[in-house]
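As given, the protein sequences belong to chains A and B, one line each in that order. Numbering follows my numbering, with no gaps: position 163 of the first sequence is 163. Adding 1000 to a residue's 1-based position in the second sequence gives its number in my numbering. Written out below as structure tokens is the structure these notes cover.
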Amino acid sequence: MKKISFHDQIARNKRNSFFLVIIVFIVLIVLGYAISFAFSPDYFFFIMILATIISLVYVMITFYNSDKIALASVKAKKADPVLHRELYHAVENMSLASGMPMPKIYIMPGAQINAFATGRNPEHGVICVTEGALNILNKQELEAVVGHEMAHIANYDIRFVTTVAIVVGAVSIFSQLFLRSLWFRGNRRSQGNALFFVIAIVLAILAPIIVKLVQLAISRKREFMADAGSVQFTRYPPGMINALKKIKADHEKLKVPTAVAPMFLSDTTKRKVAVLFQTHPPIDKRIKVLERM
Amino acid sequence: MLWWIIILIVVVIFILIMVFSYYNRFTVLQNRINNSFAQIDVQLRKRSDLVPNLVQAVKGYMGHEQKIMKEVTEARKALLKVIPSKDMKSKMKAGDALQGALKSLFAIAENYPNLKANENFLQLQKEISAIEDKVAYARQFYNDSVLGYNNLCKTIPGKWFAAMFNKKAGKYLEIPAASRAVPKISF
């Protein structure tokens, strides 16, 4: 099998993520265009501004408190520098290897292996691991998992994911507003173009689904990227591979709110769903990519 | 005529932006190298700070092992002397010398069961081996920073700008193979 360097892997994923964002924006523009033709343009413009302001305020509030919300929702507690010496060493090592500032360290209850990173930028970075991860993973594996989260921080994934969430949210708000406004239109239909009207309805229904799928695809790309980043920091692919194998063997899934699920190291959902609808790539595929590094 | 002037202005602005952004990128990457250099110093200092505590802890048990005790103390002194200098090579050498001396001390300590049961000693042993990892990671990041800088210096168009600003490719640190191996700690 052809060897791939982690630098290439990071570059490729960055490119792919970029294209995915472009697709989301194109969907948004096409949708807005179709709706504005269906309605009178100035009325649409007013809705758009209002929806944007509301979603922006909402997003800013959650963005600046995202770390607190995420940590509180999983009942995480600050790690103790003496009691959790190994974890502190792992995080400090990865912060040295990545050149990132030392993040705050939290531990969340739960026997399963998992971890997540949060914070709006590297200076406010937070890494949270489960008690299970501390108990089950050895030194190299714990370092690899922390390296994975450090890569999320270094790649500005939290900001990226939030930005995508804004666009996805905006698309569904527009679609909803448009579909609901149809109820009040009555016989003023002659204003707009009938053909565009039909197209707009179809798009308004499809667009939120499309952008949701794109959002999930981006989330999966970022996971591959963080895996590659972890290898860059540890220079030891077996660490991440073995950690993933242990996670795979660890059947019991973690119960976390769905809103924070994409932030985790591995999938937290219990159901067996198609890859297209998952926040994370299948573990076997992640292992396969890592084995080629 | 007017079109030509507009195109000329756009081209000039474009070139200026290129020059500025490349100059800034060189500066950022150079600062990163300097910062990672400082990070290595921090770890080396931390390591030498632990030595007096370690000597204190083992004195009661293996005070008569004069040779190794002296070796460790001397290596620490030599390291402290070179830390403020800019000469990375001698710094690394002194750091490795201290690490080597500490390793032999821990090997000798294996013969003292009472010492191995000492909580304080075990703590220090763990910390020192953790610092060894950190030195290795800090060196690795130093090399990664140099790599980023050199990539900019040696690819087109960065190559031309490097010549323009008189920037030269940086040197990598040699990482001794042994320093990446995690020392086995047996209890």
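Where a beta carbon is used, it is the ideal one built from N, C-alpha and C, also for glycine. All values reported here derive from a predicted model rather than from experimental measurement.
Amino acids of chain A, ordered along the chain, whose beta-carbon sits closer than 7 Å to that of residue i
i: B:Tyr1137; result: Asn93, Leu96 and Ala97
i: B:Ser1036; result: Gly99
i: B:Gln1039; result: Leu96
Sheet register partners of residue i (DSSP bridge)
i: A:Ala117; result: A:Ile127
i: A:Met108; result: A:Thr130
i: A:Lys77; result: A:Ile107
i: A:Phe264; result: A:Phe116
Burial state of residue i (16 or more Cβ within 10 Å)
i: B:Ala1109; result: buried
i: B:Phe1020; result: exposed
i: A:Pro103; result: buried
i: B:Ala1169; result: exposed
i: B:Phe1165; result: exposed
i: A:Ile26; result: exposed
i: B:Lys1091; result: buried
i: B:Arg1139; result: buried
i: B:Ala1130; result: buried
i: A:Asp67; result: buried
i: B:Gln1056; result: exposed
i: B:Val1012; result: exposed
i: B:Ala1163; result: exposed
i: B:Phe1014; result: exposed
i: A:Glu141; result: buried
i: B:Phe1121; result: buried
i: B:Asp1087; result: exposed
i: B:Asp1144; result: buried
i: B:Leu1008; result: exposed
Contacts of residue i in chain B (Cβ-Cβ under 7 Å)
i: A:Arg235; result: Gln1140
Contacts of residue i in chain A (Cβ-Cβ under 8 Å)
i: B:Asp1133; result: His89 and Asn93
i: B:Arg1032; result: Gly99
CB contact flag (residue i, residue j, <7 Å)
i: B:Ala1107; j: B:Ala1094; result: no
i: B:Phe1037; j: A:Gly99; result: no
i: A:Ile136; j: A:Ile113; result: yes
i: A:Ala226; j: A:Ala151; result: yes
i: A:Ala34; j: A:Ile199; result: yes
i: A:Arg220; j: A:Pro281; result: yes
i: B:Ile1033; j: B:Tyr1149; result: yes
i: A:Gly125; j: A:Gly119; result: yes
i: A:Tyr106; j: A:Leu83; result: no
i: A:Leu195; j: A:Pro237; result: no
i: B:Ser1048; j: B:Leu1080; result: yes
i: A:Arg286; j: A:Leu244; result: yes
i: B:Leu1050; j: B:Arg1076; result: no
i: B:Lys1167; j: B:Gln1043; result: no
i: A:Lys246; j: A:Ile283; result: no
Beta-carbon proximity list for residue i, same chain, < 8 Å, skipping 5 on both sides
i: B:Asn1114; result: Tyr1061
i: A:Ile205; result: Ser175 and Leu179
i: B:Ser1104; result: Ile1068 and Glu1071
i: A:Arg271; result: The pLDDT assigned to A:Arg271 is 48, lower than 50, so where the model puts this residue is not dependable; a value taken from the coordinates is nonetheless given after this. There are no such residues.
i: A:Lys2; result: The pLDDT assigned to A:Lys2 is 46, lower than 50, so where the model puts this residue is not dependable; a value taken from the coordinates is nonetheless given after this. Excluding positions up to five away in sequence, the list reads Arg292.
i: A:Ile305; result: The structure shown does not extend to residue 305 of chain A, since chain A is modelled only from 1 through 293, so no value can be given for it.
Contacting residues, own chain, Cβ-Cβ under 7 Å from residue i (five flanking each side not counted)
i: B:Leu1102; result: Val1072 and Ile1128
i: A:Glu143; result: Ala90, Asn93, Met94, Thr234 and Gly239
i: B:Glu1065; result: Ile1108
i: A:Leu203; result: Val30, Leu31 and Ala34
i: A:Pro208; result: Val171, Ser172 and Ser175
i: B:Val1082; result: Ser1090, Lys1091 and Ala1094
i: A:Asp267; result: Gln278, Thr279 and His280
i: A:Met108; result: Val74, Lys75, Ala76, Cys128 and Thr130
i: B:Asn1053; result: Leu1124
i: B:Tyr1023; result: Phe1165
Proximal residues of chain A, C-beta to C-beta of residue i below 9 Å
i: B:Ser971; result: Outside the shown range of chain B, which is 1001 to 1187, sits residue 971 of chain B, and nothing can be said about it.
Close-in-space but distant-in-sequence residues of the same chain around residue i (CB under 6 Å, 5 per side omitted)
i: A:Glu149; result: Ala115, Ala117 and Ile127
i: A:Tyr88; result: Pro81
i: A:Ala154; result: Ser98 and Met100
i: A:Asp157; result: Arg222
Test: residue i CB closer than 7 Å to a CB of chain D
i: B:Ala1130; result: In the structure shown, chain D does not exist; the protein chains are A and B.
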